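When the sequence shown is numbered by the working numbering, its final residue is 397 and no position is left out of the sequence of numbers.
Following: one structure in structure tokens, then a few remarks.
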Amino acid sequence: MLVLHGSVVEHNTSAGTVRLPVTLTVPDAVSVVVDVTDGTGELILESIDVTATAVTLRGVIPCEVVVTTSVRSQVLLDVGTTPVAVRHRWRWRPWDGTTPVILDHRAVSRRLSKNACPACTHPWVEHPTAQDATGATCGECDYELEHGQLPPGRSVCTAQIPQPLIEPESSGV
225 MLVLHGSVVE HNTSAGTVRL PVTLTVPDAV SVVVDVTDGT GELILESIDV
275 TATAVTLRGV IPCEVVVTTS VRSQVLLDVG TTPVAVRHRW RWRPWDGTTP
325 VILDHRAVSR RLSKNACPAC THPWVEHPTA QDATGATCGE CDYELEHGQL
375 PPGRSVCTAQ IPQPLIEPES SGV
């Protein structure tokens, strides 16, 4: 079995640019040959070719990894959703893990801005998530209360954003 660990850069997240962990597994590997002639020794994956007895990984920078297999093998590519690093001020720093990262942040932001809470009719983007502190309230309701604009008979909304609105859309893969 061959297991390669690496990372992929994802730009569209709530934490900005992050590195997500990647694991590539070839379960039926017998031998491995790496050719980095004229390259840097880094595999920045461009393509994966699977034949009856080999798996070939080709890199953008000249790099080729040929994995000989005992049978036509599966190639399992797993991309994690918890970052290993975040890019801040042009430097990579280890991810501290303190706040959840929303992948496909732009799509999630659009959904939160375009969909309204049925209780107060403000956009969901103004509301707390389940991970937010207990007692968090709708930001727009708070503003209305502070400025004397809260409609008579209505209290400050404490509804939390429904989880399906926060989840990235499935790609169907």
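All C-beta atoms in this analysis are idealised placements derived from N, C-alpha and C, irrespective of residue type, glycine included.
Here the structure is a predicted model, which is why all the values come from computation and not from measurement.
Close CB contacts of Asp252 within its chain, under the 7 angstroms cut and outside five residues either way in sequence, are with Thr293, Ser294, Val295, Ser297 (chain order). In this model, Glu234 and Leu301 are separated by some 16 angstroms (Cα to Cα).
At a Cβ-Cβ threshold of 8 angstroms, Arg334 and Leu389 do not count as neighbours. For Ala278, the uninterrupted beta strand (DSSP E) run begins and ends at 278-283, by DSSP. For Gly363, there is no enclosing beta strand (DSSP E); the residue is part of the alpha helix (DSSP H) that begins and ends at 363-370. In this structure, DSSP gives Leu374 a state outside helix and strand, which the three-state scheme calls coil. In terms of CA proximity to Gly377, Glu368 leads the group Thr353, Glu368, Gln384. For the options Asp328, Val349, Thr306, Arg315, the alpha carbon positioned closest to that of Gly321 is the one of Thr306. The DSSP-derived three-state label of His235 is strand.
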